[in-house]
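Each remark here refers to the structure printed beneath this line.
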Amino acid sequence: MVDRMQEEINSFGIPANKVHDVLTLASVIQKEARIKEDFYKVSRTFLNRIADGMHLQSDATVSYGVGGNTVSTSRADRANNNGYNTYLHAGLPVGPISAPGSVAIDAALHPAAGKWLYFCTINLETGETVFSDTYAQHEKAVALWQAWMKDHPGYE
């Protein structure tokens, strides 16, 4: 497995001093995106947030940091002060949260063009995700996700 990851790193030509950050970002993209095209948008969204001094606020990193494997997180989870909690800590988490595939690595290196600051997967079965430039737009997407969750009990 380590050899395969090293081959991936080499195939992308990632400089040694960037490997940790690229793989960390790619690992978060891997956990957050569901549809191939969205990997590149998720990457851009996270990079825009970092550039704007915003926290990533990724539930995937929070869940990993508390030993969970859920889509949504609780207030207690988001208050847990660990190095993977991107609600509390700016920038990338302290390390990867998954083994990223080649699409996620490519997305980390070649994000889509866009001004998005938020995204919300509104249908966990299809992976349909809404990308938003403003918090007001994001709140509307969150309302769609909440409605979907209400109609589909059993998802966490």
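Note that the UniProt record's numbering gives residue 74 to position 74 of the sequence shown, counting from 1, and the numbers run on in steps of one.
Ideal Cβ positions, reconstructed from N, Cα and C, are used throughout, including at glycine.
Distance between residue j and residue i (C-alpha atoms, nearest Å)
| i | j | result |
| --- | --- | --- |
| Trp-148 | Tyr-118 | 18 Å |
| Leu-88 | His-55 | 7 Å |
| Gly-101 | Ala-76 | 30 Å |
| Tyr-155 | Asp-38 | 21 Å |
Assigned exposure category for residue i - 16 Cβ within 10 Å defines buried
| i | result |
| --- | --- |
| Ala-90 | exposed |
| Arg-4 | exposed |
| Gln-30 | buried |
| Tyr-135 | exposed |
| Pro-153 | exposed |
| Glu-32 | buried |
| Ile-122 | buried |
| Asn-85 | buried |
Integer-rounded CB distance, given that residue j should sit under 8 Å from residue i
| i | j | result |
| --- | --- | --- |
| Trp-116 | Lys-18 | No, Trp-116 and Lys-18 are not in contact; Cβ-Cβ is about 23 Å, not under 8 Å. |
| Pro-111 | Ser-43 | 4 Å |
| Cys-120 | Ala-99 | Not confirmed; about 25 Å, so no contact. |
For residue i: DSSP bridge partner residues
| i | result |
| --- | --- |
| Val-130 | Cys-120 |
Are at least three pairs of beta-carbons, each pair with one atom in the stretch 64 to 75 and one in the stretch 102 to 113, less than 8 Å apart?
no
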